[in-house]
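A.B. asks: Sharing a structure below in structure tokens format, with a few things to ask.
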RNA sequence: GGGCAACUAGCUCAGUUGGUUAGAGCGCCUCGUUUACACCGAGGAGGUCAUAGGUUCGACUCCUAUGUUGCCCACCA
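In our numbering, the protein residues as written are 78 to 1101.
Written out as structure tokens, the structure is:
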């Protein structure tokens, strides 16, 4: 390679694409093709970007970190797999395509119909994926494209359906009627954590409400009230409890029942709450307990329903205006306050969420599963982190993870979207001629009418269905062992099964074992049990001594077949009249399977055996709950193993002032622009150095430009070395050092290699990046390269020893050795840098060794013990040179002016004498005189300048304070410290070096004790 | 309301289990046409480590309060 062709400045633009192409064509992204014996796998599942297209700087961040890790592991010799893919991102994608459709064609998805619309989405996604792939490549991603997956492709769809069916058969997936978060704009349900809150000033309306005044921020929902609730202890309203009232709300009259409920805070508002069961979770619970009817006044379209009387058909906001107006006219508004209010909004489209009552599919997070050895999925997901099977970095997120899981409610997985995995459930309306069903149903009905009935609160029914075989009752039902009972949902009066009494125990509340799994719900404290009982018996006193009946039973559920048949399976059922559920599954249901579905599950493939559990999950802390927790749930359930060993959570990327990047602020940094301007390597460095796990990273263009400068520096160092070393060659073995500088740079390199190897394993990218940066610029470029120049110069009229170790003289030839060292150091350095800056390092490597790629070289190893003496000696020379430069600048001596310097040193005279030539050259001196102790003209520690003569004392610069500190560092107890200090005091050299004041103190304390130590410290302070 | 984090140089941030003179990048000031690099080199200025107590021979680091900021969770009708 003709090194004259190397350009003065590194130009990434031209070379990056061709380098990537070379990598790709090598096939080494695929672990199966990697050279050498590679036994240990290392796997990263790429968090699949949404298939909506453009990658932003946040993606660039995760790409950089993951690529860094995987390249490092590949260099270490692992079977490194980084599996890429995309997520269909149901809501996000559907919303996006709908928007495009509306903007471009003015049509809605309903205008197109399901099939045509999905075709449009498919085309859109295909294009996006293409764009994403291109962007990933621009960043240098060394992921295995041959294994790329998409959450909606056939394999993953099979995985999703299989998962659903298995969970359903295990009783973990059920269909239920609940209050759900409904986004009228997306026309779909949302999971609890997909709801965001917006702090707002809102109005708090006080409305005359029959005999009460109630306060509300949402007056329009009052049209759906079926109750008014007060605290049972609130004396003001005692007499009303239980009454049924008609309430005049202007144009509308509603009928309510006054109930008592603990959850009502007598001190908030007026102490009376209008109960709106259809549109509030809490109200729904209260209504269930008190058998209040449920009236839905807001529809899924965000408009008032027919139940809203004269307001039917109005959007919620308009209804509110009109309704408040009407109330005012009727004199029913007593006052309006301004309050801070949290508005629930959709995390995708930011429209207001309406809590609605609706029939949806849920995953039961509290049901023990045989697959999990009787544990619930929640417990299992907690356990694997508690037991350390999964490590979360940084650790503080462990706590948030626990908190989230512990409070997790059943997960609503059905979405009313078109785009996504269709729920693998089919329904068939019963036909009268379906005799078998008819008889089944009627047989049960007849039977149940004759049977004794036992009621279960709706919230308990799922537990019974889930295998609860015990119930605690305050009431004596007068059952006998052997009685066959009809099990009734006491809210809906629906019969959901039958059972037989096995055993009856009469006891007291205090005697009940708290953790009886047969009961379904278990308790930590008696108080919790009492609380639970009070919930079911709101009007009874409950204490430890209250009498209680424990009924054990055998239970058989009955499918509610009078409405429809349900079929759950991988393929459509045979027979006529089956209709598939129109809904689709929550995106996170499929992405929860990501680590194993992408490797072939439900088939037990070779890949699945080799690469699962994956090694590292690297993702943003913002999706710890959405995604990470769900992957843990899904993997522990389906695979019976963790999805990954470690989780590394990175922070968000923000602008230079720490603000979120957004279109409106116009502060977004587009990684592709930055790559075009400064190169991918510089962009990568800016995302990794200065970035610590879990913390947000502020980034600016100036920062990226700074790293571009660095990449250029590395380029030019290499250019210099290649030019100096003549024909490029590999120097694989560490050359023998011949000069002090050689020993020093090798010692520094070996230290760096160790540091890098250790800290990259611990994902301390930033600190490693800084260290290699420092080595490259401040050590290699600023010192070693400069020294090597003077060595080259030494071929002039006065051959120079240039930092040559004395011993080397006798060995003869020292000239030219620095070239081998330079090549060796550069080659090792390129390997260290490669995970960070793959492009430029690969380009330089190609000039050294065109036949092999840097990407698959072996990670460097430190050779032998680090030569600490070399580091210390070299630093002394450095300090002398720096001190001279400093003095020259301070005394405004022009650089051209040659100086005479007397270096005064007692201890290091020998060393300094040997290196005089180097000092002369690097500090641009006329003459250096090394003086021994005694000739020193001034005993002060500062140098003396007289004319062009500098007296620079070097010995005696050691601070005794350091020694003391070092000692106490080594000692763990005070006693040890004292012993160490005493030993040190016996050392004459120490005493010689110590300033007089300190020695006085130390002499004085013939017996060293705590007080004396304090004195020493004080002495040290005053000395400073 | 509960929790988590941050507060260090003009700006953005490091600082690993307490221990040399608290570091880096950018910015700033002075000087420099040394053939690897001006995307550079040499030197420099700049910090009561948010505040107040405490533990310790010794605290940026540990403990307790307080203040400010950010985030997460819950949510009162």
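The C-beta atom is built at its ideal place from N, Cα and C for all residues, glycine as well.
Assuming residue 761 and residue 918 form a contact by the criterion Cβ under 8 Å, report the distance between their Cβ atoms to the nearest whole angstrom.
C.D. replies: 11 Å between Cβ atoms; not a contact.
A.B. asks: So residue 996 and residue 1002 are in contact, right, with Cβ under 8 Å, and what is the actual spacing, rounded?
C.D. replies: Yes, they are in contact, since the Cβ atoms of residue 996 and residue 1002 sit about 7 Å apart, within 8 Å.
A.B. asks: Would you say the region 960-967 touches the region 823-832, given that touching needs at least three Cβ pairs under 8 Å?
C.D. replies: No, the region 960-967 is not in contact with the region 823-832.
A.B. asks: How would you call residue 104, buried or exposed, if buried means at least 16 neighbouring beta carbons within 10 angstroms?
C.D. replies: Exposed, since its Cβ has fewer than 16 Cβ neighbours within 10 Å.
A.B. asks: For a test of the three-state rule: what should DSSP assign to residue 840, helix, strand or coil?
C.D. replies: coil
A.B. asks: Starting from residue 97, follow its DSSP beta bridges and name the residues at the other end.
C.D. replies: Answer is none; residue 97 lacks a bridge partner.
A.B. asks: For residue 622, count neighbouring Cβ atoms within 10 angstroms of its own Cβ and tell me buried if that reaches 16, exposed if not.
C.D. replies: exposed
A.B. asks: Enumerate in chain order the residues of its own chain whose CB-to-CB distance from residue 415 is below 7 Å, with the five nearest sequence positions on each side excluded.
C.D. replies: 278 and 280
A.B. asks: Please name the residue in 94, 116, 146 and 84 whose C-alpha comes closest to that of residue 836.
C.D. replies: 146
A.B. asks: Start and end of the beta strand (DSSP E) containing residue 256?
C.D. replies: 250-260
A.B. asks: May I ask you to verify whether the region 775-786 touches the region 159-176, counting CB pairs closer than 8 Å and requiring at least 3?
C.D. replies: no
A.B. asks: For residue 808, which option in 768, 901 and 815 has the closest C-alpha, if you only look at C-alpha atoms?
C.D. replies: Nearest option by C-alpha distance: 901.
A.B. asks: Which first and last residues belong to the beta strand (DSSP E) in which residue 757 is found?
C.D. replies: Run containing residue 757: none in the beta strand (DSSP E); it sits in the alpha helix (DSSP H), 757-765.
A.B. asks: Please classify residue 332 as buried or exposed, where buried requires at least 16 other C-beta atoms within 10 Å of its C-beta.
C.D. replies: So residue 332 ends up on the exposed side.
A.B. asks: What's the call for residue 803, buried or exposed, on a 16-neighbour Cβ count within 10 Å?
C.D. replies: exposed
A.B. asks: With a 10 Å radius around its C-beta and 16 neighbouring C-beta atoms as the bar for buried, classify residue 879 as buried or exposed.
C.D. replies: The predicted position of residue 879 is uncertain, since its pLDDT is 49 and thus under 50; no value can be drawn from it.
A.B. asks: Measure the C-alpha to C-alpha separation of residue 1072 and residue 848 and round it to an integer number of angstroms.
C.D. replies: Below a pLDDT of 50, predicted positions are generally treated as unreliable, and residue 1072, at 40, falls in that range; no measurement from the model is reported.
A.B. asks: Quick one, which of 356, 498 and 202 has its alpha-carbon nearest residue 664's?
C.D. replies: 498
A.B. asks: If you measure between the beta carbons of residue 372 and residue 301, is that distance less than 8 Å?
C.D. replies: yes
A.B. asks: Excluding the 5 residues flanking residue 293 on each side, which residues of the same chain have their C-beta closer than 7 Å to its C-beta?
C.D. replies: 282, 284, 299 and 351
A.B. asks: For residue 265, which of 436, 942 and 771 has the nearest alpha-carbon?
C.D. replies: It is 436.
A.B. asks: Can you tell me whether residue 728 is helix, strand or coil according to DSSP?
C.D. replies: coil
A.B. asks: With burial defined as no fewer than 16 other Cβ atoms inside 10 Å of the residue's Cβ, what is the status of residue 212: buried or exposed?
C.D. replies: Of the residues assessed, residue 212 falls on the buried side of the cut-off, its CB having 16 or more other CB atoms within 10 angstroms.
A.B. asks: Exposed or buried, which one is residue 881 when buried takes at least 16 other CB atoms within 10 Å?
C.D. replies: Confidence at residue 881 is low in this model, with a pLDDT of 47, below 50, so its placement is unreliable and no value can be given for it.
A.B. asks: Using DSSP with H/G/I as helix, E/B as strand and the rest coil, what is residue 994?
C.D. replies: helix
A.B. asks: Check whether the region 217-237 and the region 175-190 touch, using three or more Cβ-Cβ pairs below 8 Å as the test.
C.D. replies: Between the region 217-237 and the region 175-190, the count of C-beta pairs closer than 8 Å stays below three; the two stretches do not touch.
A.B. asks: Keeping to the same chain, check which residues put their C-beta closer than 6 Å to that of residue 218; ignore five residues upstream and five downstream.
C.D. replies: 140 and 144.
A.B. asks: Tell me which residues share the same chain as residue 94 and place their Cβ nearer than 6 Å to its Cβ, disregarding the 5 neighbours each side in the sequence.
C.D. replies: There are no such residues.
A.B. asks: Pick helix, strand or coil for residue 264, following the three-state DSSP scheme.
C.D. replies: Coil.
A.B. asks: CB-CB under 6 Å to residue 89, same chain, minus the five flanking residues each way: which ones, in chain order?
C.D. replies: 756
A.B. asks: Take the Cβ of residue 1035 as the centre, count every other Cβ of all protein chains shown within 10 Å, and call the residue buried at 16 or more, exposed below.
C.D. replies: Any reading at residue 1035 must be qualified, since the residue scores a pLDDT of 32, below 50, and its modelled position is unreliable; no value is offered.
A.B. asks: To which residues does DSSP link residue 105 through a beta bridge?
C.D. replies: DSSP lists no partner for residue 105.
A.B. asks: For the beta strand (DSSP E) that contains residue 437, what are its first and last residues?
C.D. replies: 431-440
A.B. asks: For residue 326, which of 675, 387, 171 and 215 has the nearest alpha-carbon?
C.D. replies: Residue 326 has its Cα closest to that of 387, out of 675, 387, 171 and 215.
A.B. asks: When we look at the beta-carbon of residue 382 and count the other beta-carbons within 10 Å, is it buried (16 or more) or exposed?
C.D. replies: buried
A.B. asks: When we look at the beta-carbon of residue 699 and count the other beta-carbons within 10 Å, is it buried (16 or more) or exposed?
C.D. replies: Flag for residue 699 reads exposed.
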